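Residue numbering for the sequence shown follows this note's numbering, starting at 1278 and increasing by one per position. Heads up, the beta-carbon is just placed ideally off N, CA and C, and yes, glycines get one too. Note that the structure is predicted; figures quoted are calculated from it, not measured. As structure tokens, the structure follows; a few thoughts come after it.
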Amino acid sequence: MPFKNLQEVIKTLESKKQLVEIKESVSPNLEMTEITDRVVKNNGPALLFKNPKDFSFPVLTNLYGSFDRIQAIFDIRELDDLGKGFTRFLEIAPPKGWVEKLKLLPKLKEVTNIFPKSVKHAPCQEVINTENPDLTTLPVLTCWPEDGGPFITLPVVITHHPKTGKRNLGMYRMQVYDKTTAGLHWHIHKDGADHYRESSHTEPFPVAVALGPDPITTYCATAPLPDGLDEILLSGFLRQKPVEMVKCITCDLEVPAESQFVLEGYVTRGELRTEGPFGDHTGYYSPADKYPVFHLTAVTHRQNPIYPATLVGYPPMEDQWLGKVTERLFLPLIKQQMPEIVDMNLPVEGCFHNLCFVSIQKRYPGHAHKVMQAIWGLGQMMFSKMIFIFDKDVDVQDISQVLFHLGGNVDPGRDITMVKGPVDALDHASTLPHVGSKMGVDCTAKWPTEGYDRGWPELLKMSPDVVQKIDKIWSNLGL
Ligand SMILES: Cc1cc2nc3c(=O)[nH]c(=O)nc-3n(C[C@H](O)[C@H](O)[C@H](O)COP(=O)(O)O)c2cc1C
């Protein structure tokens, strides 16, 4: 059974000794970062700060920060279990024509689970404040010393496309400016920003922010689903249980009923304010820039809510696990488009978009180049700054093998391709923000048909009969 809410998760993690309650008074201003950072780097437990200094709501950090907890949250044994049903999900939940498809599949339980369920009464509305809603009552973390202020770091931001009406959930951090305003940091490439661009100049554009719905729904806000596909459907699919949704009080949006807090409000097109700097996933501060201003119209919450937060920074951090969930969830989909792909690794040190190691079953000359070009054309994989393509026998999860073949097999002048295009908004190396260059490296063995006539050498390997013989006498050798 999926976790219904954070209260259930906390109970379970406590019983498995994967959560530690901190009773000491700790400030959300930098101190929670220092504690959480040390714990994350040691693969430690989730942390529940019971007494945040100057605030009354407890703070939960590092919920996703270990493989054990990912197993518990997603109810899986291996990360690859995640991807098993995913292509099926896309078959039954495409952006167009799925009503027709549903008619064909009325008996499938998985389909009914996908749909969210509307409810009239919700825990997240046990307390409603429309009179005097105040962001500064939340124990929002100031994560790093040069941060522009406190940032909400695990927000599930919900909008509807102004023209198509399609819903989007995205995780875009929010800088709290004062009681009723915050910066909304959706990068220009993301769906939330797209909705905003399409919104009217004159009408307020409704935005709802769920803090701490069930943990799978929070993950889903980070998932790079194809445009127009509602992340709530993915959550229903992964949870194998519908997500319960309730109507907001002050805007025409629905939010997950089990959320801890809900921030209701709006943005107005063209109203921008400086957001940042912020100590980011890249391990560097991302510089201040202009982003839309979120205006708060209501805060609703549970009777005893928990404020969820994550800390990003120099890897490894908690978000490594969210990234790995995405890598393994989406791999079957990528393989569906490119069956020649054997495996893929976006290493944590590469902050996910900087480095991409891929092994392929090479079938024709130039094949490695075809794969890198195709990856640059795939949704948010377009941000892959450096792609390295290897032959099928290279285990791309093993960095030692990756470096060995990268070093040995590459003639830089011949095997490196440079392209120009969009780069991740957090990339600080590109001369301009959002656009720059990307590199693809063909680390496969080169063929005569690729112009290599010297005869590619064979990798060293002992003859199997000798291996067998030595195996037999090994125990006698005193080694
Ligand atoms: C902890 C965390 C924080 C994130 N913060 C941001 C952010 O501030 N802005 C942004 O554009 N993407 C951010 N992302 C990445 C997006 O959530 C991700 O690209 C997601 O797919 C966006 O949803 P969309 O495809 O519906 O736009 C963050 C991801 C994580 C895990």
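- With fewer than 16 other CB atoms across the displayed protein chains lying within 10 angstroms of its CB, K1300 is exposed.
- Closer than 6 angstroms to some heavy atom of ligand 1: that describes the Cβ of W1463.
- Restricting attention to D1491, T1527 and T1457, the CA atom closest to the CA of K1518 is found in D1491.
- Per DSSP, reduced to three states, the secondary structure at S1395 is strand.
- Contact annotation: N1339 and L1325 have beta-carbon atoms that are not nearer than 7 angstroms.
- Counting along the chain, N1445 sits inside the beta strand (DSSP E) bounded by residues R1444 to G1447.
- In the displayed model, C1633 falls within a strand according to three-state DSSP.
- Boundaries cannot be given for G1489, as no alpha helix (DSSP H) includes it and DSSP labels it neither H nor E.
- When G1600, L1599, D1620 and Q1597 are compared, the shortest CA-CA separation from L1608 is found for D1620.
- Between ligand 1 and R1450, a heavy atom-to-CB distance of less than 6 angstroms is present.
- Here the distance from the Cβ of P1501 to the nearest heavy atom of ligand 1 is below 6 angstroms.
- Contiguous beta strand (DSSP E) elements confined to the segment 1657–1707 occur at 1663–1668 and 1693–1699, taking only those with 3 or more residues.
- With a cutoff of 7 angstroms on beta-carbon distance, L1412 and P1585 are scored as not near each other.
- With a threshold of 6 angstroms, the Cβ atom of T1494 does not count as near ligand 1, since no heavy atom of the ligand is closer than that.
- Boundaries of the beta strand (DSSP E) around F1571: D1566 to H1578.
- When only Cα atoms are considered, V1700 and G1654 end up about 12 angstroms apart.
- In the same chain as G1643, and ignoring 5 residues on each side of it, the C-beta atoms closer than 8 angstroms to its own belong to E1727, in chain order.
- In the three-state reduction of the DSSP assignment, T1413 falls in the helix class.
- Taking the Cα positions, Q1284 is about 14 angstroms away from I1493.
- Contact between T1721 and D1668 is confirmed by a C-beta separation of about 5 angstroms, below the 8 angstroms threshold.
- Here I1583 is buried: its Cβ has 16 or more other Cβ atoms, across all protein chains shown, within 10 Å.
- Ligand 1 never approaches L1418 closely enough for any of its heavy atoms to be under 6 angstroms from the residue's Cβ.
- As the crow flies, the alpha-carbon of E1735 is around 13 angstroms from that of W1724.
- Restricted to the segment 1490–1524, the beta strand (DSSP E) segments that are unbroken, complete and at least 3 residues in length are 1521–1524, listed in chain order.
- In this structure, the C-beta of D1468 approaches ligand 1 to less than 6 angstroms from one of its heavy atoms.
- In this structure P1564 is not in contact with D1424, their Cβ atoms being roughly 12 angstroms apart against a cut-off of 8 angstroms.
- Rounded to whole angstroms, the Cβ separation of P1329 and P1416 is 4 angstroms, and the two are in contact under 8 angstroms.
- In the structure shown, R1605 adopts helical secondary structure according to DSSP, grouped into three states.
- Bounds of the alpha helix (DSSP H) holding P1741 are P1741 to I1750.
- Here G1600 is buried, its C-beta having at least 16 other C-beta atoms within 10 Å.
- Beta bridge pairing from DSSP links T1419 with N1306.
- Sequence-distant partners of D1507 (beyond 5 residues in either direction) whose C-beta falls short of 6 angstroms from its own C-beta, in its chain, are R1444.
- Beta-bridge analysis with DSSP links L1709 to V1712.
- Here the segment 1587–1594 does not lie against the segment 1531–1547, with fewer than 3 beta-carbon pairs under 8 angstroms apart.
- Residue S1536 holds the alpha-carbon nearest to the alpha-carbon of K1281 among F1665, T1603, S1536 and I1611.
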